[in-house]
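Protein chains in written order, with this note's numbering: chain A, 955 to 1072; chain B, 435 to 615; chain C, 198 to 367. All C-beta atoms in this analysis are idealised placements derived from N, C-alpha and C, irrespective of residue type, glycine included. Keep in mind it's a predicted model, so treat the numbers as computed, not measured.
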């Protein structure tokens, strides 16, 4: 049991160290001469004008929202799947109820034409 | 770490030096700089800056038959990711403004190849209206390449000459231009 | 002489008796128009009720020593369409001409180019400003009496190139 936690700990430390080392090594090896003209916004050589603000389609937002919901549902499915054998029929029916509730939500979204990409 | 003042000196002798080299003993710093110079000269990413006819030869050199990619040179459309600006074509007075701004937006280390007669000295349009007689009046040039337009082999020769120049770079701190006839 | 070119030449001669019309080349009609007739002539060439030549192929100018001359090349997008070369004389001192962008929208940039390089002002042009030269350029380069002023050379930056070119061979 302790072995598993050790592996997780090593992964966590490596996951933090790796980007720090990569970015730190870059900072040591690259020249650093910031200058207001070097930092100016790139606009193909022209002096930049106007806003960088752009408008995006609300469909992207809705798709992201739907994805989030069903992704969280998937996250809940994984631990259930791991201990499925011990739970038996009761576990199966309970998870079926959970999924059914979310299917109702999906059907509602479908009827509201949210899934149509126009 | 503030921002330098507006008079950024293009000819700064230590513009390409590594910050870490200051803290290390001599022999380690030298070997490290050699390694970094090797990396820099074998992966020169050039800014797509074809302004006139030489652009066709630049494109041909980047394409399959002559192939810049075998030297590690790939084209980038933005100055932030480019090390090398190959000025391919005549520079007009209207373009001069944009060229200088793009050079200023390139991150160090940065080098310039003046490709063709127009970029070197104004070429066939030397002395004509609206023409800058050579891009070295605007930015410091590392390699001049003659030709109207220079053949892809000549452009590859200029790139290799630049790589040799980069290999020698730390040794004499002043950056000197070399000419290909 | 293709039939279309011949009939077009006749039509122009009828409507604009002051104009000089010639058909030296097959399929082409060469016309010299007065400045006073220029606008009406352009309408006649371009409109559907007139000749229906809707494609302005080129609009440029020539500097003869005593006058400037606008040159237009107009045709239509059919194989059989004749090509009309129209020339309009302009005085050198104050060259102004009506703009034909309302008849051929493609004249927008060519007229800007003629304005930039010859100094011809076009009345009624939606956006008359320099197109090739920098804004503060003085003089009209394609005129025969153009002399480049030292003030036209821009204040150049810190390249310091021409000095360094002397030790470029090392």
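Spatial neighbours of residue i within its chain, please: CB distance less than 6 Å, with the 5 preceding and 5 following residues excluded, ordered by chain position.
| i | result |
| --- | --- |
| residue 218 of chain C | 206, 209, 210 and 228 |
| residue 338 of chain C | 314 |
| residue 309 of chain C | 328 |
| residue 513 of chain B | 481, 536, 539 and 540 |
| residue 564 of chain B | 526 and 527 |
| residue 488 of chain B | 522, 523, 549, 550 and 583 |
| residue 556 of chain B | 565, 567 and 568 |
To which residues of the same chain is residue i closer than 7 Å at the C-beta, ignoring the five residues directly before and after it?
| i | result |
| --- | --- |
| residue 475 of chain B | 597, 600 and 601 |
| residue 198 of chain C | Only weak support exists for where residue 198 of chain C lies, its pLDDT of 47 falling under 50; the value from the coordinates is given anyway. Contacts found: 220 and 223. |
| residue 516 of chain B | 479, 480, 481, 510 and 540 |
| residue 300 of chain C | 239, 240 and 243 |
| residue 441 of chain B | With a pLDDT of only 45 at residue 441 of chain B, under 50, the local geometry of the prediction cannot be trusted, and the value read off the model is given with reservation. Counting only Cβ-Cβ distances below 7 Å, and skipping sequence neighbours, we find nothing. |
| residue 346 of chain C | 335 and 336 |
| residue 559 of chain B | 524, 552 and 565 |
| residue 235 of chain C | 285, 294 and 295 |
Under 7 Å between beta-carbons, which chain B residues line up against residue i? List them in chain order, please.
| i | result |
| --- | --- |
| residue 983 of chain A | 452, 454 and 470 |
| residue 996 of chain A | 512, 513, 514 and 539 |
| residue 345 of chain C | 563 |
With a threshold of 8 Å on Cβ separation, who are the neighbours of residue i within its own chain once the five nearest residues in sequence on each side are excluded?
| i | result |
| --- | --- |
| residue 569 of chain B | 521, 525, 533, 546, 548, 553, 554 and 575 |
| residue 1044 of chain A | none |
| residue 987 of chain A | none |
| residue 1059 of chain A | 1023 |
| residue 594 of chain B | 505 |
Give the straight-line distance between the Cα atoms of residue i and residue j, rounded to the nearest whole angstrom.
| i | j | result |
| --- | --- | --- |
| residue 254 of chain C | residue 550 of chain B | 33 Å |
| residue 312 of chain C | residue 340 of chain C | 11 Å |
| residue 506 of chain B | residue 477 of chain B | 5 Å |
| residue 355 of chain C | residue 330 of chain C | Low local confidence applies: a pLDDT of 46 at residue 355 of chain C is under 50, so the model's placement there is unreliable, with the coordinate-based value given in what follows. Each residue's alpha carbon lies about 23 Å from the other. |
| residue 357 of chain C | residue 302 of chain C | Confidence at residue 357 of chain C is low in this model, with a pLDDT of 48, below 50, so the placement of that residue is unreliable and no value is reported for it. |
| residue 572 of chain B | residue 530 of chain B | 7 Å |
| residue 486 of chain B | residue 307 of chain C | 20 Å |
| residue 365 of chain C | residue 501 of chain B | With a pLDDT of only 42 at residue 365 of chain C, under 50, the local geometry of the prediction cannot be trusted, and the value read off the model is given with reservation. Straight-line Cα distance between these residues: approximately 28 Å. |
| residue 296 of chain C | residue 325 of chain C | 10 Å |
| residue 480 of chain B | residue 492 of chain B | 11 Å |
| residue 997 of chain A | residue 536 of chain B | 9 Å |
| residue 540 of chain B | residue 452 of chain B | 17 Å |
| residue 232 of chain C | residue 1001 of chain A | 41 Å |
| residue 992 of chain A | residue 1063 of chain A | 49 Å |
| residue 212 of chain C | residue 250 of chain C | 16 Å |
| residue 333 of chain C | residue 980 of chain A | 45 Å |
| residue 1003 of chain A | residue 995 of chain A | 10 Å |
| residue 499 of chain B | residue 508 of chain B | 15 Å |
| residue 1061 of chain A | residue 1042 of chain A | 29 Å |
| residue 1053 of chain A | residue 1029 of chain A | 12 Å |
| residue 1021 of chain A | residue 1056 of chain A | 12 Å |
| residue 275 of chain C | residue 494 of chain B | 36 Å |
| residue 454 of chain B | residue 969 of chain A | 25 Å |
| residue 588 of chain B | residue 579 of chain B | 8 Å |
| residue 966 of chain A | residue 1038 of chain A | 28 Å |
| residue 1035 of chain A | residue 542 of chain B | 53 Å |
| residue 582 of chain B | residue 603 of chain B | 29 Å |
| residue 260 of chain C | residue 990 of chain A | 47 Å |
| residue 544 of chain B | residue 472 of chain B | 15 Å |
| residue 1071 of chain A | residue 1027 of chain A | 23 Å |
| residue 201 of chain C | residue 322 of chain C | 31 Å |
| residue 1019 of chain A | residue 1049 of chain A | 22 Å |
| residue 463 of chain B | residue 456 of chain B | 8 Å |
| residue 1032 of chain A | residue 1025 of chain A | 11 Å |
| residue 590 of chain B | residue 974 of chain A | 38 Å |
| residue 144 of chain C | residue 230 of chain C | In the structure displayed, chain C extends from 198 to 367; residue 144 of chain C sits before or after that span and is not available. |
Kindly list, in the order they appear in chain B, the residues whose Cβ is closer than 9 Å to that of residue i.
| i | result |
| --- | --- |
| residue 999 of chain A | 513, 529, 531, 532, 533, 534, 535, 536 and 539 |
| residue 330 of chain C | 526, 527, 528, 563 and 564 |
Which residues in chain C have a C-beta closer than 9 Å to the C-beta of residue i? List them in chain order.
| i | result |
| --- | --- |
| residue 483 of chain B | Chain C residues near residue 483 of chain B: none, gap ~15 Å exceeds 9 Å. |
At 9 Å on the CB atoms, spell out the chain D contacts of residue i, in chain order.
| i | result |
| --- | --- |
| residue 449 of chain B | Judged by its chain identifiers, the structure shown contains no chain D, and its protein chains are A, B and C. |
At a CB-CB cut-off below 8 Å, which residues of chain B make contact with residue i?
| i | result |
| --- | --- |
| residue 402 of chain C | Residue 402 of chain C is absent from the model: chain C starts at 198 and stops at 367. |
Cβ closer than 9 Å: which chain A residues qualify as neighbours of residue i?
| i | result |
| --- | --- |
| residue 632 of chain B | For residue 632 of chain B there is no data in the structure shown, the boundaries of chain B being 435 and 615. |
Between residue i and residue j, which are expected to be in contact by the criterion C-beta below 8 Å, what is the C-beta distance as a whole number of angstroms?
| i | j | result |
| --- | --- | --- |
| residue 284 of chain C | residue 267 of chain C | 7 Å |
| residue 1068 of chain A | residue 1016 of chain A | 5 Å |
| residue 577 of chain B | residue 592 of chain B | 5 Å |
| residue 270 of chain C | residue 292 of chain C | Contact doesn't hold; Cβ gap of about 20 Å is too wide. |
| residue 304 of chain C | residue 256 of chain C | 5 Å |
| residue 317 of chain C | residue 281 of chain C | In fact, because the Cβ distance is near 20 Å, the residues do not count as touching under 8 Å. |
| residue 466 of chain B | residue 458 of chain B | 7 Å |
Ignoring anything shorter than 4 residues or poking outside the stretch 235 to 291 of chain C, list the alpha helix (DSSP H) runs there in chain order. 235 to 243
Which ranges would you report for the beta strand (DSSP E) in the stretch 525 to 583 of chain B if only whole runs of at least 3 residues count? 545 to 549 and 577 to 579
Completely contained alpha helix (DSSP H) runs for the stretch 459 to 506 of chain B, where each covers 4 or more residues: For the stretch 459 to 506 of chain B, the continuous alpha helix (DSSP H) assignments of 4+ residues that do not extend past its boundaries occur at 460 to 475 and 488 to 496, in sequence order.
Any beta strand (DSSP E) of 3 or more consecutive residues that is wholly inside the stretch 993 to 1022 of chain A: none
Where in the stretch 313 to 341 of chain C do unbroken runs of the beta strand (DSSP E), each at least 3 residues long, occur, reported from the N-terminal end onward? 318 to 320
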